[in-house]
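Peer 1: Got a structure for you, questions after.
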Amino acid sequence: MPTVTPRAPAQSSHPGARTQSAHRAASFVLDASILAALLAASSAPTPLYPHYQDAWDLSALTITVVFSAYSLTLLLALLTTGALSDHLGRRPVLVGALLLEAASMLMLATADGAGALITARILQGAATGAATSAAGAALLDLHDPLRPGRSALTNSIAPVAGMAAGVLASTLLVRFAPAPTVTVYVLLAVLFAAQAIAVTFTTETARPHTGVLRSLRPHLAVPPSARSALLAVGTAVVAIWALGGFYSSLGPALVHLVASGASQAAGGMVFFVLTTAATLTVWALRRTAPRAAATGGSLAVIPSAALSLLGLHGAGLPAVYGGAALAGVAFGAVSQGALRMTLASIGEQDRAATLAAYYVLSYLSMSLPAIAAGAATQHYGLRTTALAYAIAAALLAVAALAALAMSRRRAAHSAHNDLP
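Counting the sequence shown from 1 gives a position; this note's numbering is that position plus 268.
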């Protein structure tokens with residue numbers, strides 16, 4: 269039977285249609301920039317952790333608590349406000365969350381100790397949790413039939429690109445700015461305030477409906493159509509976000525352990541290597557089948573862990589940076605494959621809630637192992653902790669490969685049974 273290719277609709281010459289199209293394009297770019305900026309702010313403190321440790325005599329455990337205070341609060345925000353924009357609308361949720369994010373940046377700029385730092389990160393986590401699912405769902409609302417997959421790709425690439433930009437900007441400011449612990453946060457506060465203003469001029473893309481208060485009860489709502497995909501790829505998501513949490517919180521300390529004379533900038537750049545590799549991988553694999561991308565990413569975790577082990581046993585910084593780069597490849601491949609698998613068949617009313625569930629799993633996987641690593645560092649030292657972490661990541665990757673293989677066999681069996 270011949271395949272009929274649908275003809276793309278002709279572009280309307282009506283001025284109103286052109287204006288509406290331009291508004292949708294501008295809204296799409298704005299929502300993508302919000303996602304990127306939120307994750308840039310999340311990674312901006314990474315190059316500053318050694319400075320905080322020296323200035324305030326903080327332990328590795330305290331640093332991981334600072335890092336995880338953000339992640340765990342974000343997790344709680346996702347559980348309570350993840351579906352809020354489905355009921356209240358994208359615009360009001362984004363405006364409120366962005367203003368709260370700007371306030372948290374100003375608190376970080378004026379922090380004078382670990383307590384103030386943790387408080388600011390808690391506020392930041394709450395704001396980011398509310399904004400992330402709303403911005404991601406808005407991108408899905410603006411789906412263009414002429415560009416299939418663009419929304420899911422942007423949901424994958426904007427966060428990792430933002431993390432790369434945040435850690436790079438912070439690293440450069442550490443090296444060149446007179447007040448690096450102030451400048452980066454003030455710049456981000458101005459950016460978030462500007463984005464909040466810009467959102468007020470956009471068109472609402474959701475259809476608000478009743479049940480706002482009910483949606484604030486902590487819960488995870490994953491529709492059955494997405495549940496099996498998330499279960500299949502869940503172990504891989506845990507593995508790559510756990511790696512990301514380790515490099516984000518203890519990466520600079522690992523660099524200084526392997527090369528004691530390394531600069532603060534060298535410590536911050538290890539996470540930049542990871543996030544840049546992740547960004548490039550998401551783009552390179554944008555047309556790869558999502559299950560194949562997730563499988564390839566899980567495979568990349570194993571040599572990443574091996575290089576980290578070699579770095580701790582004399583191979584030095586090249587092995588550490590190589591391990592970070594492969595961890596980035598794994599992160600990019602798994603995250604975009606997982607998102608595409610999970611979002612493939614959900615309806616409009618489930619978009620924000622499904623994204624929230626995905627990010628709950630992601631940030632839980634990032635924060636809890638990081639806290640455990642910080643505590644282990646206190647008792648056993650960073651070298652032993654890093655060795656155990658690398659081995660655990662490799663074992664998770666093996667389990668993820670097994671889960672993906674079983675899922676592939678079930679899908680093939682189901683397709684065979686559906687044949688007439």
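The beta-carbon is built from N, C-alpha and C at its ideal position, and this holds for glycine as well. What you are looking at is a predicted structure, and each value in this text was computed from that prediction instead of being measured.
Could you tell me the distance, in whole angstroms, from the CA atom of A668 to the CA atom of G502?
Peer 2: Going by the C-alpha atoms only, they are around 8 Å apart.
Peer 1: So, for P476: in the same chain, excluding its five sequence neighbours on each side, which residues have a beta-carbon less than 7 Å away from its beta-carbon?
Peer 2: Correct list, in chain order: H355, L356, G357.
Peer 1: Taking the C-alpha atoms as reference points, what is the distance between A304 and T468?
Peer 2: About 19 Å.
Peer 1: Any idea what DSSP makes of D354, helix, strand or coil?
Peer 2: Helix, per DSSP.
Peer 1: Under 8 Å by Cβ, that's how I've got L391 and Y631 pegged, so tell me the actual separation to the nearest angstrom.
Peer 2: Not a contact, Cβ separation roughly 16 Å.
Peer 1: Going by the CB atoms, is the gap between S424 and V526 shorter than 7 Å?
Peer 2: Contact flag unset, no.
Peer 1: Using DSSP with H/G/I as helix, E/B as strand and the rest coil, what is H291?
Peer 2: Note: H291 maps to helix in three-state DSSP.
Peer 1: Whose C-alpha, out of V506, A402, S576, is nearest the C-alpha of A587?
Peer 2: When each option's Cα is compared against that of A587, the closest is S576.
Peer 1: As a quick exercise: from L456, L346, V506, A592, pick the residue whose alpha carbon is nearest that of T544.
Peer 2: Checked all of L456, L346, V506, A592; the closest Cα to T544 is A592.
Peer 1: What is the residue span of the alpha helix (DSSP H) that L414 lies within?
Peer 2: Note, L414: premise wrong, no alpha helix (DSSP H); not H, not E.
Peer 1: When you compare each of L518, L542, V602 to P637 by their alpha carbons, which one comes out closest?
Peer 2: Of the candidates L518, L542, V602, the one whose C-alpha sits nearest the C-alpha of P637 is L518.
Peer 1: Under the assumption that V334 contacts I639 (Cβ atoms under 8 Å), give the Cβ distance between them as a whole number of angstroms.
Peer 2: Actually they are not in contact, since the Cβ atoms of V334 and I639 sit about 11 Å apart, beyond 8 Å.
Peer 1: Can you give me the C-alpha to C-alpha distance between L699 and Y320, rounded to a whole angstrom?
Peer 2: Lying outside 269 to 688, the shown extent of the chain, residue 699 is not represented and no answer is given.
Peer 1: Can you give me the start and stop residues for the alpha helix (DSSP H) that A445 sits inside?
Peer 2: Segment: none, A445 is in no alpha helix (DSSP H) and carries neither H nor E.
Peer 1: Between which two residues does the alpha helix (DSSP H) containing H319 stretch?
Peer 2: Note, H319: alpha helix (DSSP H), 317 to 324.
Peer 1: Quick check on D325: buried or exposed, where buried means 16 or more other Cβ atoms within 10 Å of its Cβ?
Peer 2: D325 is exposed by the Cβ-count criterion.
Peer 1: Quick one: what's got a C-beta closer than 6 Å to S675's C-beta in the same chain, skipping five residues either side?
Peer 2: Excluding residues within five positions, the ones whose Cβ falls inside 6 Å are A500.
Peer 1: Beta-carbon within less than 6 Å of H509's beta-carbon, same chain only, minus the 5 sequence neighbours each way: which residues are those?
Peer 2: The displayed chain sequence assigns Trp, not His, to residue 509. Cβ neighbours of W509 beyond the five flanking positions: S630, S633, M634.
Peer 1: Buried or exposed for A276, please, with buried defined as at least 16 other CB atoms from any protein chain shown within 10 angstroms of its CB.
Peer 2: Reliability of the predicted coordinates at A276 is poor, the pLDDT of 44 falling under 50, and the value obtained from them is presented with this limitation in mind. Its Cβ having fewer than 16 others within 10 Å, A276 is exposed.
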